[in-house]
Amino acid sequence: MKRKEKFASMLSGWKLFLFVTVTYTVLFLIAFQGYIISKQSTSAIEKQYNQIIFDKMDALSVNMINYLNYLDDFARTLSVKPDLKSMIRENRDGTREAVEGALNYFRLRFPLYIQILTAQDRVFAYPPVDPKEEEQFKTTLASFPWYGQRLVLDNSYPRADVAADFHFSAFPNALYVSKNIVQDDRSLGTLTIKMNGTLIETMLDTVRINEANAVFILSPEGRILFRNEPSSAFSGDLASLGTNGIDGLIRRNGEGSGSGQIRIADQDCYFIYKLIPSTNWEILSIVPLLSLNAESVGVWQTTAMTTAFSVLLIITSFCILYIKLTLPLQRMSWIVRAASEGATPEPYDYRGFKELETLNRGIYRFFEQIQLHIRTIRQSESEKRQLEMHVLQAQMRPHFWHNSLNALRFMALLHGDSTMADAILALTRMLDYTLKNTGVLFGTVEEEKDYAIQYIRFHEIRSMQKIDVKLDLDECSLQARIPKFTLQPLLENAVTHGFRAPFAKVPSLTITTRLADGTLTIRIADNGNGMDDDTLRLLLLPRAQEGEGRQTSGISLLNLQERIRLEYGELYGIRVVSRLGEGTEVVVILPWMTDAKKEGEWP
């Protein structure tokens, strides 16, 4: 026997060992898969980023060309304005008005700085400049390579240059578009339009794919014209390459675009370049490979760390589970098997998992718990019979009141009080409808109409006031099924609030039903006091019924509205139309149903 138990214990241990081995294998496969995915994703990410950056460079090139075209057109137009030429020729002030007129004409959406250096070495500027800025502008203009030969060049075309911002040297480079102002083959001056480089550097940010992406615009000589914020990490090394270094870096076989990998600023980077059409400038994008592959490297690192931690955790868990779970469960299973064969179970003092401690103690209380369950079942059966008796008594009490009302009615008839007898009869019929099929949630329009008429009859006797009730019911609608107690609350609101004193007219109620397109429409109109617009607006608002000032009419209408919408949906409900002093009309819109509904059944 002991040898058999020992063999079973070893077999159970091998099962757990097999489980751990399978777990290790799965973890290794997951780790290897993460490594493969990270390698493949690196190549895929580079291709995707390459396409994304090329697309963004195309968009940036289009925007740059558009900006240059705008500035060219503006320079051409401004340089041939007759009034501007006249002011320059006569050395008169007024250039600001001429420039402002051109700006308004073109409706340019970005700020421009207009400077005109006349042949008399006078500077007209808009916005105005101080003497220091004026001298810096002259120096900047004279530094342009074409400036010394401007008279012999073709004056039909503006020229674009990039230089330091003469307003403030700490600013980024600025874009200058210049045009010679000529009249009668004589130079009157040079028009220069400056656009702040910040606008262009902001456009460079649209090419970025992450925070570490540096974007440059380079001249044919390899000079950095514009750059975005992250480019400062590469600017020094890029400038040190010089013209030949830049040519070797971004020009491959004379193509206008390309990509590759370089090492710059002590980082392995991925670069993409593209020539801007119609210019000699190149857009250069440099991205550290680490930022491109951060996601895939992160996947691999996370997978490796998770795998190592999982292996350590499984080894620890294996030892704990075998000592504190597998061996104790085997011992308890032997105890239960012995007890099932009639033997007295041996005591086993287990300390470990709380659940197993509870299970160990429960084994010795097994038969006691069975007896306890038997007693509980017997007690539940007794309580169930008592509950059935209470339900039967509860059903008998309404019948007692029904029989009592009938007895009172006969007593009233015996004493000749027909009014009291009629009132009791109306109340009895209302009680009959209430008690009839208490578990049913729906009734026919005809049943609801009869119940409502009995209520009106009872109210007439109670208030000693005749109410004229007019019925205009569609014959087909009488068997339509609607929620029980739909009409009575609406009539109660009419007689309670609509006919409230002072009321000098004869009370009148009209009940109308119509069927159309599968919809049942019920209208209840009265000639009562009516309501003002504020009261009508708040009538069906839930919050308006809260507080001490709430009215029964609002609550009953709100409850009926909620019943209808919960039962049929938002397409159905109540609409109230009222005019102060003229009366109120309540319209109930329901789906047309004629089949019987059980309690809790949806339509």
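The sequence shown begins at 1 in UniProt numbering and counts up by one.
Quick reminder that beta carbons are idealized off the backbone N, C-alpha and C, glycines included.
- Take Ser291, set aside five residues on each side of it, and the residues of its chain with a beta-carbon closer than 6 angstroms to its own are Asn210, Ala212, in chain order.
- Annotation: the continuous alpha helix (DSSP H) that includes Asn493 extends over 487 to 493.
- DSSP places Pro483 inside the beta strand (DSSP E), whose first and last residues are 481 to 483.
- In the structure shown, the three-state DSSP call for Phe309 is helix.
- By the C-beta density criterion, Met64 is buried, having at least 16 other C-beta atoms within 10 angstroms.
- For Ala525, same chain residues with a beta-carbon under 6 angstroms away, outside a window of 5 residues either side, are Thr510, Glu585 in chain order.
- Gln561 is classed as buried because its beta carbon has at least 16 other beta carbons within 10 Å across all chains shown.
- Within the model, the alpha-carbon separation for Asp268 versus Gln261 is close to 7 angstroms.
- Under the three-state reduction of DSSP output, Asp184 falls in the coil class, being neither helix nor strand.
- Residue range 82 to 89 is occupied by the alpha helix (DSSP H) that includes Pro82.
- Counted as a single uninterrupted DSSP element, the alpha helix (DSSP H) harbouring Gln136 occupies residues 131 to 142.
- Around the Cβ of Gln379, a 10 Å sphere holds fewer than 16 other Cβ atoms; the residue is exposed.
- Counted as a single uninterrupted DSSP element, the beta strand (DSSP E) harbouring Asp526 occupies residues 519 to 526.
- The beta-carbon distance between Ile283 and Ile264, rounded to whole angstroms, is 17 angstroms. This is too long to meet the 8 angstroms contact definition.
- Listed in chain order, the non-local C-beta contacts of Pro277 below 7 angstroms within the same chain comprise Ser61, Ile65, local neighbours out to five positions each way being set aside.
- A direct Cα-to-Cα measurement between Val182 and Leu188 gives close to 6 angstroms.
- When C-alpha distances from Thr23 are compared across Ala214, Gly352, Leu312, Ile589, the shortest belongs to Leu312.
- The C-alpha of Thr316 is placed about 16 angstroms away from the C-alpha of Leu327.
- Under a 10 Å Cβ-count criterion, Lys470 is classified as exposed, with fewer than 16 other Cβ atoms of the shown protein chains found around its own Cβ.
- Boundaries around Gln454 are those of the alpha helix (DSSP H), 445 to 463, since no beta strand (DSSP E) includes it.
- Residues of the same chain with a CB within less than 7 angstroms of the CB of Tyr147, apart from the 5 flanking positions on each side, are Leu141 in chain order.
- Judged by beta-carbon spacing, Ser143 lies beyond the 8 angstroms limit of Ala160, meaning their Cβ atoms are not closer than that value.
- C-alpha of Asp130 to C-alpha of Ala75: approximately 23 angstroms in a straight line.
- Here the alpha carbons of Val123 and Asn280 stand approximately 30 angstroms from one another.
- The C-beta separation of Ser508 from Asn527 comes to about 5 angstroms, placing the pair in contact by the 8 angstroms criterion.
- Per DSSP, the beta bridge partners of Gly189 are Thr118, Ile181.
- DSSP places Ile209 outside both helix and strand once states are collapsed to three, so it counts as coil.
- Counting along the chain, Ile224 sits inside the beta strand (DSSP E) bounded by residues 224 to 227.
- Using a 10 angstroms sphere on the CB of Pro158, the tally of other CB atoms reaches 16 or more, which defines it as buried.
- Taking C-beta atoms as the reference points, Leu540 and Ile574 count as a pair closer than 8 angstroms.
- Thr521 sits close to Val587, with the two beta carbons spaced by under 8 angstroms.
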